[in-house]
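J.:
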Amino acid sequence: WTLISKILTFWAIPPVRACFGVGKNKDIVQAWREKISLCIIIFCCWLLMAFFTIGIQPLFCPDESQKTSYEHDSSELQKYLHYNGQYYSLNSVNNLFKKYDIKEISNDFGGSDITPLFRECPGSESVDCNGGKNIVDPCKNYIKDNNNNCEIVSLNNKKFSPGYCINNNLIKNQLKADGKITYQWQYLEKKIKPVTVYNGIVLKDIDEVSKYSFSEDALTLLRDTMYMDGTRYFERKKEYREIAQCLMQSRTGGYVGKETVGCMFSKIITMVMTIAILGVVLTRFVMAIIFSWFVSSKLVQGHGRGGPRELYTICLVTAYSEGEEGIRCTLNSLATTTYPDKKQLLFVIADGIIVGSGNDRSTPDICVAMIIEDPKLGKAEPKSYFAIADGAKQHNMARVHAGYYIVDGHRVPAIVVVKCGTPAEASAAKPGNRGKRDSQLLLMNFLSRVTFDDRMTPLDYDLFKKIQHLCGVTPDKFEIVLMVDADTKVLPTSLSYLIAAMVNDPLIMGVCGETRIANKTTSWVTWIQVFEYYISHHLGKCFESLFGGVTCLPGCFCMYRIKAPKPGSPNTYVPVLANPDIVEDYSENIVDTLHKKNLLLLGEDRFLTTLMLRTFPKRKMIFVPQALCKTIVPDEFKVLLSQRRRWINSTVHNLMELVLVRDLCGTFCFSMQFVVGMELFGTAVLPAAIVFTVYLLVDLVLVIMKAQKESQNEPLKYVWEHGPVMPIIMLFCVLGLPGVLVMLTSQKIIYVLWMFVYLFGLPVWNFILPVYAYWHFDDFSWGETRKVQGDNGDDHSKKEGVFNASSVPLKRWHEYEKE
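Going by the numbering used here, the first residue of the sequence shown is number 967, and it counts up by one from there.
Written as structure tokens, this is what we have:
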């Protein structure tokens, strides 16, 4: 990928990079190269979509092959003059005749065939074929009266003749036909008029050939080929070919309504794409309904029972810069769930000595003050552990405060881990801060070492002792971990629902519930998010759940299985979240490419889901709609812009990882890998899609206006044939089906109203946010989302100093016990 990025940006020499404000730092330059490379690839996707949306038709089926055509019996043809199977306006023919002093044709002859007025005069530029001397008449051997009498008869039996036969070069070279007269095979098969077909040309009135001296065999041929394609029969003899050429001279009625290969190809491609896209949309819709109506309730059966169904659960709450109100709301909601207090452990990790914007004290002080510490465990002392960083910051220290969280009669064991940093960083802006991924891995590493009785860091052993003291069981008894952000409120029954799903199906390794918005009506920014949150769960995640492959468990509210019971061996467990492969891949210290930074610095929650699916493709990730939580969403546009920049960029990079996983369920077009690929492409072309949608709508309006003018009798047929009807139908399916889904799943009319609010915000969702995100691929900061005092916007990927591995001792549990 690094090589590809350099190839795609070969033109970006230092002076060019300077124009974009890119410095000389090697890492910054490489990140910029990768960003530009991704933008080039995305732009190519836009061009590809533009080609299939508006480019394939002009290329393979240009206007010349798509001239306006009328059926031979259309009333519209009464306005035109017919020549050689095409139609011309009366004014254009008369203007041409006037130019060459030819007698003009009156309006009485509208709808008449003027082919008999013309003859083929090769090598002659004279209007009248030099008095008839140069006329080439293919009927000369078969016509009885060869007087070259060129005249026509109108529909009301009026006759017209210019007095001589007009050179057909005149009309061929100087007039452009308005369109073709066509016959459909369905009409020919009805045997209404005596016609035959020769080389795609419809020869009319073949039963009236008395003026020709055709042989009996030729007359039999005409009778036998009536109402069918007689080309192969006419080609059998020279005589028959001459007869066909003769009839074409004055009996050409039009052309068989057929498409060119290019037009057919473009329609097939468009149809295949439409079927594929509509197939995916409808499949997602139907399967989401099936999951919602029939499957979801079975997942949580028996959620209220006790006994072995109550698994020991860790409730991990990662805190960074949140205020007291938000953290207390989260802990209250977890402590007051219907799940037994003794079976759960509140595990709060404060990521560094951070003072959030608007707070009067640090986040760790807020968290520690909320629990009643157990005096038997003594004062919390800083303990070393391996952090996720590059350089000296791999050594970090944290204090473990242990006690109980007491609220409304509930007394829940609680651990607060304060990442305080080493003494060397005591004067830094954010001592101990290593990011959310480090907080997750602090727990994951601990659980993995406990599961395998591996060597522990001092912090691991401190956690082991205090958890055992608070819960009365060793940490290896815990099977489930619930991950919740510090600004999320979990509803009372949610924890029980999630664990019930885990108990009912041991193959489930991860679940999530529905996240709803707590501040729906704060501003227009929150309004447009309500339906987006709902549909992302009840359409996207419901569909994926039916296959057991939810591609993103939101970090604000999700649950993972630490270890799973082995089938047939009730006392044997298989590590899942505690699996060393998961922990090792998630513990990447050197984050030196744009791809890794988007995965590990901005989208760590989603990347953990990707890792789980990649490592355990046969296990399940599901969505449990009964489990609900509420969260505060951005109510200012700049904050939403910053949040969605991180989400969109991490989504793109995670889908790039997931689309390479071949072991996901299904095959080819009926596989999760195909769906992930389409989702990746769809995410990339969102801005182009909204632009092309506007283009198609404008095009449809213009076609409708044109239909009202040119085809007053059959406007709907005209619009269907010439307008972008199929793409518009597809658009309405994509936009309208979610509304139907809401009615069928939630049965709340209010969500339909929220849908219309969301639709008004489509330019924000489909254009502004993705374009901003793509151009900021190389921005790895949290931006406006989580402001803290003294924050300089740096991420955790920079290398500072050299790490001394001996600074963090590793010992087994029994070795610590001996001490």
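For every residue, glycine included, the Cβ atom is placed at its ideal position computed from N, Cα and C.
Tell me the DSSP secondary structure of M1192 in three-state form.
T.: As a working mapping, residue 1192 is identified with position 226 in the sequence shown. Coil.
J.: Is V1768 buried or exposed, if buried means 16 or more other CB atoms sit within 10 Å of its CB?
T.: If you number the sequence shown from 1, residue 1768 lands on position 802. V1768 should be labelled exposed.
J.: Which two residues bound the contiguous alpha helix (DSSP H) that contains S1328?
T.: Within the sequence shown, residue 1328 is the residue found at index 362, counting from 1. Note, S1328: premise wrong, no alpha helix (DSSP H); not H, not E.
J.: Scan the segment 1279-1316 and note each continuous alpha helix (DSSP H) run of 4 residues or more that stays entirely inside, going in chain order.
T.: Correct list: 1290-1301.
J.: Starting from the Cα of T1711, find the closest Cα among T1597, S1263, M1696, V1378 and give me that residue.
T.: For the purposes of this step, residue 1711 is identified with residue 745 of the sequence shown, where counting begins at 1. It is S1263.
J.: According to the Cβ coordinates, are K1402 and T1284 closer than 8 Å?
T.: Counting from one through the sequence shown, the residue named residue 1402 turns up at place 436. Counting from one through the sequence shown, the residue named residue 1284 turns up at place 318. Closer than 8 Å, so yes.
J.: Could one say the Cβ of K1309 lies closer than 8 Å to chain D's Cβ atoms, at least one of them?
T.: Absent from the structure is chain D; it holds one protein chain and no more.
J.: Please name the residue, chosen from E1766, E1783, L1776, I1293, that lies closest to Q1360 on a Cα-to-Cα basis.
T.: By one-based count along the sequence shown, residue 1360 stands at place 394. Ranking E1766, E1783, L1776, I1293 by Cα distance to Q1360 puts E1766 first.
J.: Using a 10 Å radius around the Cβ and a threshold of 16 neighbouring Cβ atoms, would you call G1166 buried or exposed?
T.: Position 200 of the sequence shown, counting from 1, holds the residue named residue 1166. G1166 should be labelled exposed.
J.: Report, in whole angstroms, the separation of the C-beta atoms of V1252 and Y1149, which I expect to be a contact under 8 Å.
T.: Here residue 1252 is taken as the residue at index 286 of the sequence shown, counted from 1. Here residue 1149 is taken as the residue at index 183 of the sequence shown, counted from 1. That pair is no contact at about 42 Å.
J.: For L1282 versus V1456, is the C-beta spacing smaller than 8 Å?
T.: Sequence index remark: in the sequence shown, residue 1282 carries index 316 (1-based). Sequence index remark: in the sequence shown, residue 1456 carries index 490 (1-based). Cβ atoms of L1282 and V1456: not closer than 8 Å.
J.: Do you know how far the Cα of D1629 is from the Cα of T1581?
T.: Within the sequence shown, numbered from 1, the residue matching residue 1581 stands at position 615. Within the sequence shown, numbered from 1, the residue matching residue 1629 stands at position 663. If you take the alpha carbons of T1581 and D1629, they lie about 10 Å apart.
J.: Under the assumption that G1398 contacts C1386 (Cβ atoms under 8 Å), give the Cβ distance between them as a whole number of angstroms.
T.: If you number the sequence shown from 1, residue 1398 lands on position 432. If you number the sequence shown from 1, residue 1386 lands on position 420. The Cβ separation is near 5 Å, so the contact holds.
J.: Quick check on DSSP: helix, strand or coil for Y1724?
T.: For the purposes of this step, residue 1724 is identified with residue 758 of the sequence shown, where counting begins at 1. Looking at Y1724 - three-state DSSP - the assignment turns out to be helix.
J.: Cβ atoms of L1666 and G1689: under 8 Å apart, would you say?
T.: Position 723 of the sequence shown holds residue 1689. Position 700 of the sequence shown holds residue 1666. Yes.
J.: I'd like to check one pair, T1454 with T1296: are the Cβ atoms closer than 8 Å?
T.: One-based indexing of the sequence shown puts residue 1296 at position 330. One-based indexing of the sequence shown puts residue 1454 at position 488. Closer than 8 Å, so yes.
J.: So, for D1547: in the same chain, excluding its five sequence neighbours on each side, which residues have a beta-carbon less than 7 Å away from its beta-carbon?
T.: Within the sequence shown, numbered from 1, the residue matching residue 1547 stands at position 581. These residues qualify, in order along the chain: T1581.
J.: Measure from the alpha carbon of R1778 to the alpha carbon of each residue in Y1552, H1619, D1420, I1280, then state which is nearest.
T.: Within the sequence shown, residue 1778 is the residue found at index 812, counting from 1. For R1778, the nearest C-alpha among the options comes from D1420.
J.: Going by DSSP, what residues sit across from H1361 in a beta bridge?
T.: To locate residue 1361, count along the sequence shown from 1; it is residue 395. Answer is F1352.
J.: Taking the DSSP output, what are the residues bridged to L1141?
T.: Taking the first residue of the sequence shown as 1, we reach residue 1141 at position 175. DSSP lists no partner for L1141.
J.: Give the DSSP-derived three-state secondary structure of N1133 in the structure shown.
T.: As a working note, residue 1133 is residue 167 in the sequence shown. It is a strand residue.
J.: Quick one: grab the DSSP three-state call for V1384.
T.: Here the question's residue 1384 lines up with position 418 in the sequence shown. In the structure shown, V1384 sits in a strand (DSSP, three-state: E or B).
J.: Please report how far the alpha carbon of R1585 lies from the alpha carbon of T1304, in whole angstroms.
T.: Indexing the sequence shown from 1 puts residue 1585 at position 619. Indexing the sequence shown from 1 puts residue 1304 at position 338. If I take the Cα positions, the gap works out to 28 Å.
J.: Under a Cβ-count criterion, where at least 16 other Cβ atoms within 10 Å of its own Cβ denotes burial, should A1353 be classed as buried or exposed?
T.: For the purposes of this step, residue 1353 is taken as the residue at position 387 of the sequence shown. Buried, by the Cβ-count rule.
J.: Once you ignore the five residues that flank G1789 on each side, which residues in its own chain have a CB closer than 6 Å to its CB?
T.: A question about residue 1789 goes unanswered here, because the residues of the chain that appear run from 967 up to 1785.
J.: Using three-state DSSP, classify A1346 as helix, strand or coil.
T.: Numbered from its first residue, the sequence shown carries residue 1346 at position 380. Coil at A1346, not helix or strand.
J.: If we count the other Cβ atoms within 10 Å of its Cβ and call it buried at 16 or more, is N1123 buried or exposed?
T.: In the sequence shown, the residue the question calls residue 1123 occupies position 157. Under this definition N1123 is an exposed residue.
J.: For H1504, is the classification buried or exposed, using 16 other Cβ atoms within 10 angstroms of its Cβ as the cut-off for buried?
T.: Reading the sequence shown from its first residue, position 538 is the one you call residue 1504. So H1504 ends up on the buried side.
J.: Determine the direct distance from the alpha carbon of L1154 to that of Y1193, and round the result to whole angstroms.
T.: Here residue 1193 refers to the residue found at position 227 when the sequence shown is read from its first residue. Here residue 1154 refers to the residue found at position 188 when the sequence shown is read from its first residue. Roughly 5 Å between the two C-alpha positions.
J.: Report the CB separation of V1625 from L1652 in whole angstroms; it is logged as a contact under 8 Å.
T.: Taking the first residue of the sequence shown as position 1, residue 1625 is located at position 659. Taking the first residue of the sequence shown as position 1, residue 1652 is located at position 686. Contact doesn't hold; Cβ gap of about 17 Å is too wide.
J.: Can you tell me the Cα-Cα spacing of G1476 and I1528, whole angstroms?
T.: Start at 1 with the first residue of the sequence shown, and residue 1476 comes out as number 510. Start at 1 with the first residue of the sequence shown, and residue 1528 comes out as number 562. Their backbone Cα atoms lie some 10 Å apart in a straight line.
J.: So, with DSSP's three-state summary, where would you put R1207?
T.: Taking the first residue of the sequence shown as 1, we reach residue 1207 at position 241. Helix, per DSSP.
J.: Please classify R1572 as buried or exposed, where buried requires at least 16 other C-beta atoms within 10 Å of its C-beta.
T.: On the sequence shown, position 606 is the one that residue 1572 refers to. Buried, because 16 or more other Cβ atoms sit within 10 Å of the Cβ of R1572.
J.: I want to know whether the segment 1057-1065 touches the segment 1136-1146 - three or more CB-CB distances under 8 Å.
T.: As far as the Cβ criterion goes, the segment 1057-1065 touches the segment 1136-1146, which means the pair count is three or higher.
J.: Using the Cα positions of F1509 and R1250, report the straight-line distance between them to the nearest angstrom.
T.: Taking the sequence shown and counting its residues from 1, the one referred to as residue 1509 is at position 543. Taking the sequence shown and counting its residues from 1, the one referred to as residue 1250 is at position 284. So the two alpha carbons sit approximately 5 Å from each other.
J.: How about V1718 and V1708: are their beta carbons less than 8 Å apart?
T.: Here residue 1718 refers to the residue found at position 752 of the sequence shown. Here residue 1708 refers to the residue found at position 742 of the sequence shown. The answer is yes: Cβ separation under 8 Å.
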